[in-house]
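>
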Amino acid sequence: MKLNLAKILVVFLTVFVAVTYDHFFLEEITNHRLFNILSEFSMALLALFLFFAIDQLNNRKFYQFLNFGFYLAFFSMLMDGLDELHIHNELYTAWSEKLTLLVAFVLIILGIRQWITEFTELNKSLEKQVITDDLTKLYNRRGFLQNVREMECRGKESGKTISFIIADLDDFKAYNDTMGHLEGDELLRKLGQYLKSLIDKNQIVGRWGGEEFAFCVLNANLSEVVKFAEKVRRGVAEFLTSDQFGGINITFSLGVAQVMEDETIMEAIRRADQSLYVAKNQGKNQVVTLNH
Numbered sequence: 006m007k008l009n010l011a012k013i014l015v016v017f018l019t020v021f022v023a024v025t026y027d028h029f030f031l032e033e034i035t036n037h038r039l040f041n042i043l044s045e046f047s048m049a050l051l052a053l054f055l056f057f058a059i060d061q062l063n064n065r066k067f068y069q070f071l072n073f074g075f076y077l078a079f080f081s082m083l084m085d086g087l088d089e090l091h092i093h094n095e096l097y098t099a100w101s102e103k104l105t106l107l108v109a110f111v112l113i114i115l116g117i118r119q120w121i122t123e124f125t126e127l128n129k130s131l132e133k134q135v136i137t138d139d140l141t142k143l144y145n146r147r148g149f150l151q152n153v154r155e156m157e158c159r160g161k162e163s164g165k166t167i168s169f170i171i172a173d174l175d176d177f178k179a180y181n182d183t184m185g186h187l188e189g190d191e192l193l194r195k196l197g198q199y200l201k202s203l204i205d206k207n208q209i210v211g212r213w214g215g216e217e218f219a220f221c222v223l224n225a226n227l228s229e230v231v232k233f234a235e236k237v238r239r240g241v242a243e244f245l246t247s248d249q250f251g252g253i254n255i256t257f258s259l260g261v262a263q264v265m266e267d268e269t270i271m272e273a274i275r276r277a278d279q280s281l282y283v284a285k286n287q288g289k290n291q292v293v294t295l296n297h
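Numbering-wise (my numbering), the sequence shown opens with residue 6 and increments by one.
1) Helix, strand or coil for residue 132? Go by DSSP, reduced to three states.
2) Per DSSP, which residues does residue 144 bridge with? Please list them.
3) Could you tell me the alpha carbon to alpha carbon distance between residue 171 and residue 64, rounded to whole angstroms?
4) Hey, quick one: how far does the beta strand (DSSP E) through residue 217 stretch, first residue to last?
5) Within a Cβ cutoff of 7 Å, which residues of the same chain sit near residue 203, ignoring the five residues on either side of it in sequence?
6) How would you write the range of the beta strand (DSSP E) that residue 281 sits in, first residue to last?
7) Go ahead and label residue 271 buried or exposed: buried means 16 or more other beta carbons lie within 10 angstroms of its beta carbon, across all protein chains shown.
8) Going by beta carbon distance, what residues of the same chain come within less than 7 Å of residue 102, once the five residues before and after it are set aside?
9) Report the three-state DSSP secondary structure of residue 240 (helix, strand or coil).
10) Taking DSSP as the reference, what is the three-state secondary structure of residue 90?
11) Can you look up residue 291 in the DSSP assignment and give me helix, strand or coil?
12) How about the stretch 88-97 and the stretch 132-143: do they share at least three Cβ pairs that are nearer than 8 Å?
13) Identify every run of the alpha helix (DSSP H) within the stretch 157-209, keeping only runs that are complete inside it and at least 4 residues long; order them along the chain.
14) Alpha carbon to alpha carbon, how far is residue 261 from residue 141?
15) Inspect the beta-carbon positions of residue 255 and residue 175 and report whether they are closer than 9 Å.
16) How big is the Cα-Cα spacing for residue 198 and residue 162?
17) Report yes or no: do three or more beta-carbon pairs, one from the stretch 182-197 and one from the stretch 265-280, lie closer than 8 Å?
18) Give the secondary structure of residue 257 by DSSP, where H, G and I count as helix, E and B as strand, and everything else as coil.
19) Less than 9 Å between the beta carbons of residue 218 and residue 169, yes or no?
20) Would you tell me roughly how many angstroms separate the C-alpha atoms of residue 173 and residue 280, rounded to the nearest one?
21) DSSP puts residue 263 in a beta bridge; with which residues?
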């Protein structure tokens, strides 16, 4: 723990003034209650330790609440300990111990509440980063599969079917080699947001890897999923030939698979990937399904 000289000075002056005042102006108590003295001064030391320990949080919004709160808690416990050694009048005790401790707890509670809020928001942000692709802002593979599992639970509860589409940009490597990887990244970024605009509440889309994307579709028969895949294929072709990409000749191949009875999610995804492989070998720019 790095010591703060300003805090050390504040603590030293607090102790000096309090002890000096008690010693010279107040009457001593002769029958000391040792347990009370030890417990109250120990609590003062604990509050003092926290007062110094939180300096590493001094760039946080809640720091000032905790900082002043722990200082007041230390002051209150110090005066409470001195109260076991000297006779304090009731008004002095009320102001120096009770009111001070009350304010200390209010400040500490406010600081901890802000700390919890900030910590919760940070956790949500980190969780989102873990499941989000940095470039396209779509789900990455982890996030996609995580949401697929949730969709699978919804499907089982309602008896709805689940289907997958694995899609890949045709000849994207040639575009990257010609235009450069920065332009390629920009294309993927814009394409990711375009694909997101095509889905509804019963569909999810994610970046499967590289220039591959994956869709999960809930509650649609196979022909409807193929129709949706065909809509995506045509939409991407129009999107990529628009003026913002200079009319480039890049198309989309898609493989479709619906989860069959006694088949796992990953088995269906593998069949969608196999369907994509067939689409590539059959000339690209098409939708293929191997469901039978």
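All C-beta atoms in this analysis are idealised placements derived from N, C-alpha and C, irrespective of residue type, glycine included. Only a predicted model underlies this, so the values are computations on that prediction, with no experimental measurement involved.
According to the structure data:
1) In this structure, residue 132 counts as helix in the three-state DSSP scheme.
2) 137, 211
3) 46 Å
4) 217-223
5) 237, 240
6) No beta strand (DSSP E) contains residue 281, which is instead part of the alpha helix (DSSP H) from 270-286.
7) exposed
8) Cβ within range, chain order: 81, 84, 85, 88.
9) helix
10) coil
11) coil
12) Between the stretch 88-97 and the stretch 132-143 there are fewer than three inter-stretch CB-CB distances shorter than 8 Å, so the stretches are not counted as touching.
13) For the alpha helix (DSSP H) assignment, the uninterrupted runs of no fewer than 4 residues enclosed by the stretch 157-209 are, from N- to C-terminal side, 177-184, 186-203.
14) 22 Å
15) With a cutoff of 9 Å on beta-carbon distance, residue 255 and residue 175 are scored as near each other.
16) Spanning the two alpha carbons is a distance of roughly 31 Å.
17) no
18) Residue state, collapsed to three classes: strand.
19) no
20) 11 Å
21) In DSSP, residue 263 forms a bridge with 168.
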